[in-house]
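As numbered in mature numbering (1 follows the signal peptide of the UniProt record, and there is no 0), residues -22 to -1, 1 to 842 make up the sequence shown, in order. For reference, the structure discussed in these notes is given below.
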Amino acid sequence: MNRIKIFAIPLLLSLVMIVGCSSESDQDKALAFVERSQAYERQGQYRAALIEMRNAIQASPNNQKFVNHYASLLTEVGSPNQASEMLKPFYENNADVNATYAEALLLQGKFISAKTVIDAWVPTDEEKDEHARLTALQMFLAGKSNEAFKIYRELSGNKDTSLKIKQEFISLLIQEEQYGEAESWNKQLQQQFPEDPVLMYYQAKLDYQKGKIDDAENALTNALKYLPETDMLLTERQQVLELLSTVLLDQGRPAEALIYSKLIREANPEAFLAQQQYKDALAAASQGDLDTAKANFEDILNQFPNNHQAAMLLGLIHIGEGDIESGELLLSENIDAETAPVSIIRATALAQAEQGKPDEALEVLKKALLARPDDTTLLSLFGIISLNSGEEQQGLQSISKALQLEPNRTRLHLLLAQYYLEQENESVALGHLRKAYAQNREDWATTGFYVSQLIRSNEQSEATQIRDELSKLEDPNAIWLVAMADYQLGNTEASITGLEELHKTVPQNLNTISALGRLYQAQNSFDEASDMWLKALKVNPGSEQYLSSLTRAKSATLDANKLTNWLIKEADNSPEVALPLHSAAVELLVGQRDINQAKNIASKYTNNEQPFARAIHANILRGEAFALAQQNKWKESLTKVEQAINLLPDHGGLAILGAQVEMQLDNYQGAVNKLDNYLEDHPENMVVTNEKVKFIAGGEGEEQALAFIKPIWQNKPDPQLATNYFRLIRSQEPENLEEALFELLNVAPNNTGALTALGSLYQDNGQTDMALEQYSKALEINPNLVVALNNMAWMLKEAKPKEALDYAEKAVNIAPNSASILDTYGWVLHLNGKKDEALDAINKALTIAPDNAEIQEHKKAIEG
């Protein structure tokens, strides 16, 4: 939309007649300021006119007509945002500002806010045309161009309608590429107003669109003659200059075009420089140079603190760098959800949700959806955040609407399926997955989830059918899903065969390589697994995970010395992954106390700052720390450890080692500080948290240890903390042990340790049936749980001796050298009338634990 102005300046006679001031002196001053402002405005001196109107407002701050006219001037010079901010406090109680306020909002694209103003405005007879114009403009911006043009045509057909309204209609027709009607209206008006520069500009645009470049140049040149001279570059002149520069370039006259471009730049040099800096920042960001982009945006904000666009883009960069907090703050403070691009709105809402501000995110999205009620991206995001915030009904409605608008958005079906699975509504979840598959089976993530869920739901027949349909496709993604389905259906060999074929097709695909590595390893094919992990490392040489998997697979067939030699040899054969392989070798050498060979390897990476190189040097320091510790040189050892920590501050093992050395120096607080320093940046590391629990228990007592671990556990029960937490609860708060076990089972229902511990608790309390239930659940998950097998056998030994014997036999086959397991087995054999076998088991148990009084008693009882 183009800004249109009426070149006749309305007099403020009514304004100056009703000025209300605090004193006659103030009134005289205000009137004088207004008169001077009008005079300057007529002369085209807008800067001076603005200053005089500001002075008038200072002299009479409560005069809303002054404020309204000042806002009109701001809008005229291209600052509608400032105008709307100034009028916002007044419009609800003063109908006089409605037109100015609504127009300022519309010029910013805020058609939702403008509609609120227009709808509340009851126009007088004199205001009806302006009210109709603004209503039509609001409709146009809201995407209702047909309804808008109907109003404009009715207004333009009236000879009494202002030229401004008719000009605006032509501008919008051109914008909508309705050139024929635009030209018809423009020619009619030019006959009435042959010297109007705005109509000349529109004629130039129409000529340019038809390729009549010379005619366009003539029209623009004439427009410049008739445009009034002003001290500020107003929109009308800028538009003419910009189009004229373009036309001259098309005519092959770049030198003349440059003159007009220069006029625009010189009219507002600061704004031009900021705009150029803004473009440079965008270019840097698009090329991935975030540091330069960030510096440019920050510089723009230093010069122009109210540049919301720069602030929002800087916020996006912060988020891209992982600084969600800073990014969210910039976006939240600067976004206007009514006019911002969907991508910015989406980023803002996601950042707010990430920062624990779902209500703010939903408010942003609600306002954005008022302007774009059918935007499926916004509807989807509103639905997702609503569901996660417990606003389930509005979330489901929003996602359902998005699906009605775009039925092929299969990821929304996936989202709903996951939601209904959480609600334990499996049939509805599968219904959504079936719809998604029917819409687009090549949404591989959704199809993969569909197949997996069918198998989890024991819908084997349907899963096999989908698997067979996918097997007919040649797409690598389909082959991958077929292999995964085969594995989940128990056809491991078929899965491996499919993955091997896929690996030939896409040899660099890490998912395929990793899956083969895991499957080979599960089948104890350690050499094949090692080959896969080495390939994975070559594709991604910086991956600690692949290096760890490789060394783990190789260690299944090689002892530490041979593994070290293999790593060194393979580093020579594969220079592209020599650094990670040498890193693993150095770690092993340090563990073997072969510090000299480790240093020899480390010498290859002097001054190398890559992560694996830093790990090498940190391991050398660790080895030196061990050597010094063996000589009881604990201070020197601590120095080495601290140097290693400086190299690898994210290494939890070094933090623990530092704490252990501090304890050797009798510095308990220093030990705890070492762990605290690490946990401050890595609160999620449960290994280090567990170590701190042990340190506190030893240094301050179990009560303090429980006080430390309990809030961590209550915030998020973690299986890694379970052993320490349950031990402390059993010691300090035994009455809460059952509750603690259930807290873990709520988040990890298949945790066999918790199930077994719960069974043991019930067994100790004589609650046999409840104990058997927990042991049975544990054995369903892992049939080889020795403790559960043994305890089941013991509890069933009298009521169901034959069933007890089955459990006891399984336990003894898994742990044939456990005295307690052999004791149970022997006693259950005895109860089943198998005296000789019972004595053999009991005698073997006594060989392992000859002083165990209970086993001795059992032997006496069996012997009779």
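Every residue, glycine too, gets a C-beta built ideally from N, C-alpha and C. None of these values were measured; they are calculated from a predicted model.
Straight-line gap, residue i to residue j (C-alpha atoms, nearest Å)
| i | j | result |
| --- | --- | --- |
| Ser615 | Asn539 | 26 Å |
| Ala349 | Thr317 | 8 Å |
| Ser(-1) | Glu13 | Summary for Ser(-1): the model assigns pLDDT 46, below 50, so the residue's position carries little reliability, and this model does not support an answer. |
| Tyr48 | Gln21 | 17 Å |
| Leu632 | Ala593 | 11 Å |
| Phe504 | Lys413 | 42 Å |
| Leu432 | Ala441 | 6 Å |
| Asp421 | Glu63 | 47 Å |
| Ile129 | Gln116 | 11 Å |
| Thr139 | Arg111 | 10 Å |
| Ala346 | Ala114 | 21 Å |
| Gln169 | Gln156 | 21 Å |
| Gln217 | Thr94 | 30 Å |
| Ser581 | Leu566 | 17 Å |
| Glu522 | Asn574 | 24 Å |
| Glu587 | Asp267 | 22 Å |
| Ala98 | Phe127 | 22 Å |
| Val429 | Leu467 | 10 Å |
| Leu85 | Val342 | 21 Å |
| Arg389 | Leu151 | 39 Å |
| Ile(-17) | Arg231 | The pLDDT assigned to Ile(-17) is 32, lower than 50, so where the model puts this residue is not dependable; a value taken from the coordinates is nonetheless given after this. Taking the straight line from one Cα to the other gives about 33 Å. |
| Asn33 | Ala380 | 53 Å |
| Val45 | Ala27 | 13 Å |
Cβ-Cβ distance between residue i and residue j below 8 Å
| i | j | result |
| --- | --- | --- |
| Phe275 | Ala261 | no |
| Thr545 | Ala563 | Note on residue identity: the sequence assigns Leu, not Thr, to residue 545. For Leu545 and Ala563, yes; Cβs fall inside 8 Å. |
| His481 | Ile474 | no |
| Thr667 | Ile634 | no |
| Ala797 | Ala823 | yes |
| residue 845 | Leu177 | In this structure the chain extends from -22 to 842, so residue 845 is not present and cannot be described. |
| His836 | Gly811 | no |
| Gly87 | Leu119 | yes |
| Glu681 | Gln710 | yes |
| Asn164 | Ile143 | no |
| Asp826 | Asn795 | The question names Asp, but residue 826 is Ile in the sequence shown. Their beta carbons are under 8 Å apart, which means Ile826 touches Asn795 by this criterion. |
| Tyr740 | Ala718 | no |
| Asn728 | Ile759 | yes |
| Ala182 | Leu205 | no |
| Asn285 | Leu279 | yes |
| residue 910 | Ile840 | No information on residue 910 is available, as it lies outside the stretch -22 to 842 that the chain covers here. |
| residue 898 | Ile237 | In the structure as shown, the chain starts at -22 and stops at 842, and residue 898 therefore has no counterpart that could be examined. |
Start and end residues, alpha helix (DSSP H) containing residue i
| i | result |
| --- | --- |
| Met664 | Met664 to Gly677 |
| Pro175 | Pro175 to Gln187 |
| Ala819 | Lys813 to Ile826 |
| Ile29 | Tyr24 to Ala37 |
| Gly158 | Tyr157 to Gln170 |
| Arg131 | Ser123 to Ser134 |
| Lys577 | Ile573 to Ala580 |
| Gln371 | Glu370 to Leu383 |
| His836 | Ala831 to Glu841 |
| Met510 | Phe504 to Val517 |
| Tyr703 | Pro697 to Gln710 |
| His47 | Gln42 to Glu54 |
| Gln287 | His286 to Gly298 |
Buried/exposed call for residue i, threshold 16 Cβ in 10 Å
| i | result |
| --- | --- |
| Lys775 | buried |
| Pro485 | exposed |
| Lys670 | buried |
| Asp192 | exposed |
| Glu662 | exposed |
| Lys92 | Correcting the residue type first, residue 92 is Ala in the shown sequence and not Lys. Buried: at least 16 other Cβ atoms inside 10 Å. |
| Ser223 | buried |
| Gln609 | exposed |
| Thr354 | buried |
| Glu19 | buried |
| Asn585 | exposed |
Does the stretch 324 to 335 come close enough to the stretch 358 to 367 to have 3 or more Cβ pairs within less than 8 Å?
yes
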